[in-house]
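Student: Quick one: the structure is below, and I'll ask about it shortly.
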């Protein structure tokens, strides 16, 4: 492995937010740049980070008002990034190894690491960067690693009529980001955290519209789930999984056998565990 340092794989220049930026603008910027995380910078200093996952969590908090920290008397669009960003984010040095970075991201369940040198933000290392690392450096292992070696066989599944709210709660309880939807023995779809908020209920999350927002969340997952699934065989190499995830900007793949039956699921986290175990 010739290029195993963060410096060689981090993304730069970094798209950043300011504490004064509205959540609406932060969401627009993430969508426009097709990124999952925004470091928050004030006076050339890293003061926090906000992620797409955090925005989705925040959207639901506004609707349900279950978290007093977000029971604000203003519309979500008026909230500033600085009010809700994760402060003192975990960072990494550009001279650290990629396996170390992968381990930090796995252990802390985060999708991005700001890269700091001499107190300055010089880059950001994301899940996509780790996938690129796998695709480039895999030949150096000189061994064949298959999807079956790293997939999870015990898949958490739901039915098409499961509510969006129940799906969200199940993801939280199981600490997962997606659920396979099964119609009997047939693979019917996949629902992710992003899918749960696809109708953007945050725009409806005022006191006057709470009833309408909750009505959205009681809809069945079949309304928003992905039906045209990208799947993979357990006999494929892990590089094929990395390639599909990177190209399609997805974080998991249902694994199906020769009879098109669900055999497991492989996620970005599974691939990053492979980095920790095999690239050292």
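In our numbering, the protein residues as written are 4 to 283.
Glycine included, every Cβ here is placed at the ideal spot set by N, Cα and C.
Since the model is a prediction, treat every value here as computed from it, not as a measurement.
(1) For the candidate residues 8, 277, 15, 13, whose alpha-carbon lies nearest to that of residue 147?
(2) Within the chosen definition, does the stretch 238 to 256 reach the stretch 171 to 190 through at least 3 CB pairs nearer than 8 Å?
(3) Taking just the CA atoms, how far does residue 229 sit from residue 286?
(4) On the CB-based measure, 16 or more other CB atoms within 10 Å of its CB, does residue 69 come out buried or exposed?
(5) On the criterion of 16 or more Cβ atoms from any shown chain inside 10 Å, does residue 344 qualify as buried, or is it exposed?
(6) DSSP three-state label for residue 207, please.
(7) At the level of alpha carbons, what is the spacing between residue 15 and residue 129?
(8) Checking 8 Å against the spacing of the C-beta atoms, do residue 84 and residue 29 come in under that value?
(9) Per DSSP, which residues does residue 101 bridge with? Please list them.
(10) Could you pull out every residue in the same chain whose Cβ sits closer than 6 Å to the Cβ of residue 82, ignoring the five residues on either side in sequence?
(11) With a 10 Å radius around its C-beta and 16 neighbouring C-beta atoms as the bar for buried, classify residue 88 as buried or exposed.
(12) Give the range of the alpha helix (DSSP H) segment to which residue 181 is assigned.
(13) By Cβ distance below 8 Å, which residues in the same chain neighbour residue 222 in space, the five residues on each side in sequence not counted?
(14) Among 18, 47, 46, which has the Cα closest to the Cα of residue 53?
(15) Closer than 7 Å by C-beta to residue 242: which residues in its own chain qualify, once you throw out the five before and the five after it? Chain order, please.
(16) Let me know if residue 171 comes out buried or exposed under the rule of 16 or more other beta-carbons within 10 Å of its beta-carbon.
(17) Since I believe residue 115 is in contact with residue 310 (beta carbons under 8 Å), could you give me their beta-carbon distance rounded to a whole number of angstroms?
(18) Out of 178, 6, 280, which has the shortest C-alpha to C-alpha gap to residue 111?
(19) Assign residue 273 to one of two classes, buried (16 or more other C-beta atoms within 10 Å of its C-beta) or exposed (fewer than that).
(20) What is the rounded straight-line gap between the Cα of residue 205 and the Cα of residue 35?
(21) Suppose contacts are defined by Cβ-Cβ distances below 8 Å. Is residue 235 in contact with residue 247 by that definition?
(22) Please list, in chain order, all residues of the same chain as residue 95 whose beta carbon is under 7 Å from its beta carbon, the five residues on each side excluded.
(23) Counting only runs that start and end within the stretch 88 to 141, where is the alpha helix (DSSP H) found for 4 or more residues in a row?
(24) Bridge partners for residue 243 per DSSP, in chain order?
Tutor: Considering the structure as presented:
(1) 277
(2) yes
(3) Past the boundaries of the shown model lies residue 286; the chain is included only from 4 to 283, so the question cannot be answered.
(4) Low confidence applies to residue 69: its pLDDT is 45, below 50, so where it sits in the model is not reliable, and the reading given next is rough at best. Answer is exposed; the Cβ neighbour count stays below 16.
(5) It is not possible to answer for residue 344, since the shown part of the chain is limited to 4 through 283.
(6) Residue confidence for residue 207 is low, a pLDDT of 41 falling below 50, so the modelled location carries little weight and cannot support an answer.
(7) 11 Å
(8) yes
(9) DSSP output for residue 101 lists no bridge partner at all.
(10) 26
(11) buried
(12) Element bounds for residue 181: not the alpha helix (DSSP H) but the beta strand (DSSP E), 181 to 186.
(13) 166, 167
(14) 18
(15) 137, 138, 141
(16) buried
(17) For the chain, the structure presents residues 4 to 283; residue 310 sits outside this window and is missing.
(18) 178
(19) buried
(20) At residue 205 the pLDDT is 46, less than 50, meaning the model places this residue with poor confidence and gives no usable figure here.
(21) yes
(22) 9, 104, 107, 116, 118, 128
(23) 101 to 111, 130 to 140
(24) In DSSP, residue 243 forms no bridge with anything.
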